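Remarks on the structure that follows.
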Amino acid sequence: MEKLIYMDNAATTSTAPEVVSAMLPFFTEYYGNPSSVYNFAQKSKMAIEDAREIIADSIGAAKSNEIYFTGGGSESDNWALKSAAFGLRDKGNHIITTKIEHHAILNTCAYLEKNGFEVTYLDVDSEGFVSLEDVENAITDKTILISVMFANNEIGTIEPVCEIGEIAHKHGILFHTDAVQAMCHVPINVTEMNIDLLSASGHKFHGPKGVGFMYMKNTAKLEPFIHGGAQERARRAGTSNVPGIVGMGQAVKLALGTLDKDTHTIINMRNYIVDRILGEIPDVTFDGPCIDANAVSACCCSPAGSLKRLPSNMHFCFKDVSGDSLLIMLDMNGICASSGSACAAGSIDPSHVLLAIGRNSDEAKGALRLSIDKDLTREDADYAIDALKAAVARLRG
Ligand SMILES: Cc1ncc(COP(=O)(O)O)c(C=O)c1O
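All residue numbers for the sequence shown refer to this note's numbering, where the first residue is 93 and numbers rise by one.
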């Protein structure tokens with residue numbers, strides 16, 4: 093096989109072999125529909141409930157029945173926003189979010205705006221942080237939901253969710269967080285962090301694709317989003333994706349068992365790569381919170397708030413370089429990375445996240461996101477950095 097250096101773990105991760113092993117029997121041996129009454133189906137049902145327990149436990153949910161399985165992060169985000177909006181319409185029509193959310197949130201907000209809702213998109217500072225003062229000032233007597241992402245998928249900023257949740261609750265407003273990039277990468281405790289609704293997706297933490305979950309606090313019960321059968325306590329219809337759910341549960345168990353150790357390994361490697369790139373390539377910016385930001389945050393009320401940047405994330409803008417050409421040259425060397433740009437109708441728009449942190453369109457065009465996992469070796473990192481240096485020099489030349 094040709095050389096493959098995978099540095100795009102924010103896009104998706106490899107499915108862990110232990111996850112695949114846990115899933116396989118639920119394709120071949122225990123294929124019963126968990127909603128069926130006969131004994132054979134009980135194995136599937138029990139496996140789903142085990143996964144629900146593991147996940148609830150991992151995020152500090154009070155009860156396992158606060159976890160609802162979905163088809164992934166986008167579905168969970170859509171559910172949270174649309175059901176909160178339409179369900180609470182008699183209380184108000186105003187939603188607060190940020191300019192740097194994933195499109196699963198931004199495009200859902202745009203849809204809601206077309207349907208009579210008002211959305212405030214909060215600015216962020218040059219490192220991608222939302223200001224708590226701005227959150228509080230944006231609240232009106234019509235505000236029904238605040239949705240702020242846990243960690244940004246392009247520049248890795250970890251938002252002060254705990255404090256935002258506190259503000260939301262002080263005003264009797266529901267708080268949702270898109271934790272698709274954060275789940276299993278940083279500690280999360282929904283109870284300590286004042287979270288009512290949380291979205292996550294299995295394939296971002298070495299689980300399978302097409303499966304995710306929504307944490308919905310029992311006091312914040314939303315209307316179903318997918319109507320049909322009575323699965324997921326009649327809140328999310330559709331025959332359960334048993335292998336996917338089992339795999340996601342296994343992935344959570346694996347990730348949390350080694351989270352501290354893996355975080356340490358990843359941060360060391362991340363810092364090495366950043367130091368080399370900034371030290372050896374001229375005219376490059378490092379985007380998002382500075383890497384010293386792994387220090388404990390002074391204000392957060394839970395240990396989960398101690399990180400200000402996703403350990404695995406690095407983001408750079410190379411001056412006078414096209415990010416897309418850079419990606420092609422890296423790809424020719426077997427290196428998988430991402431620019432973070434959004435493709436729309438054949439034209440490449442600069443990233444909304446980079447514009448929001450103050451980069452101009454030209455700067456944003458030279459974007460490169462690298463996201464690593466614990467298995468990246470020093471040898472592969474060196475190979476990738478050398479290839480990157482050569483590619484940047486060639487593109488500039
Ligand atoms: C922050 C964030 N939210 C939502 C999603 C969508 O998740 P999914 O691919 O599971 O639909 C992603 C995927 O990249 C993401 O990074």
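All C-beta atoms, glycine included, are put in the ideal place defined by N, C-alpha and C.
Just so you know, these numbers come straight off a predicted model, no measurement behind them.
**Q.** Phe410: first and last residue of the uninterrupted beta strand (DSSP E) it sits in
**A.** Phe410 -> beta strand (DSSP E) spans Asn405 to Phe410.
Q) Under 8 Å, do Gly330 and Gly341 count as touching if we go by C-beta distance? A) no
Q. At what residues does the beta strand (DSSP E) containing Leu180 begin and finish?
A. Where Leu180 is concerned, there is no enclosing beta strand (DSSP E), given that its DSSP letter is neither H nor E.
Q: Would you check if the segment 183-192 and the segment 209-223 touch, i.e. whether three or more CB-CB distances between them fall below 8 Å?
A: Touching, yes.
(Q) According to DSSP, is Glu94 part of a helix, a strand, or is it coil? (A) DSSP places Glu94 in coil when its eight states are reduced to three.
**Q.** CB contact flag (Gly302, Val111, <8 Å)
**A.** When the beta-carbon positions are compared, Gly302 and Val111 stay at least 8 Å from each other.
Q. Buried or exposed: where does Pro442 fall if 16 or more other Cβ atoms within 10 Å of its Cβ makes it buried?
A. buried
Q. Going by the beta-carbon positions, is the gap between Leu214 and Lys191 smaller than 8 Å?
A. yes
(Q) Using CA atoms only, rank isn't needed, just tell me which of Ala476, Leu447 and Ala456 is closest to Asp217. (A) Leu447
**Q.** Residues near Ala326 by beta carbon distance below 7 Å, same chain, minus five either side
**A.** Pro316
Q: Please look up how many angstroms separate the CB atoms of Val495 and Ala114, rounded, as I've assumed it's under 8 Å.
A: Because residue 495 is not part of the residues shown, which for the chain are 93 to 489, the question remains open.
(Q) Please identify the residue among Gly163, Thr105, Phe119 and Pro117 whose C-alpha is closest to the C-alpha of Glu324. (A) Gly163
(Q) Suppose the cutoff is 6 Å on Cβ atoms and the five residues either side in sequence are ignored; what does the same chain contact list for Cys393 look like? (A) Low confidence applies here, because Cys393 scores a pLDDT of 40, under 50, leaving its location unreliable and the question unanswered by this model.
**Q.** Where the alpha helix (DSSP H) containing Val376 begins and where it ends
**A.** Taken as a continuous stretch (DSSP letters only), Val376 belongs to no alpha helix (DSSP H), being part of the beta strand (DSSP E) at Val376 to Phe378.
Q.
Quick check on the DSSP output: the alpha helix (DSSP H) that includes Met138 runs from which residue to which?
A. Asn131 to Ser150
Q) Roughly how many whole angstroms lie between the Cα atoms of Asp354 and Lys313? A) 35 Å
Q: Check each candidate in Arg328, Lys296 and Phe297 and name the one with the smallest Cα separation from Met308.
A: Arg328
**Q.** Alpha carbon of Phe517 to alpha carbon of Glu158, nearest angstrom
**A.** This structure cannot settle anything about residue 517, because the visible part of the chain is limited to 93 through 489.
Q) Straight-line CA distance for Cys391 to Val240? A) Here the model assigns Cys391 a pLDDT of 34, short of 50, so the residue's position is not dependable, and the following value carries that caveat. Their Cα atoms are separated by approximately 18 Å.
Q: On a CA-only basis, which of Ile449, Thr469 and Leu460 is nearest Phe221? Give me that one, please.
A: Ile449
Q: Using 10 angstroms around the beta-carbon of Lys183, count the other beta-carbons present and answer buried if the total reaches 16, otherwise exposed.
A: exposed
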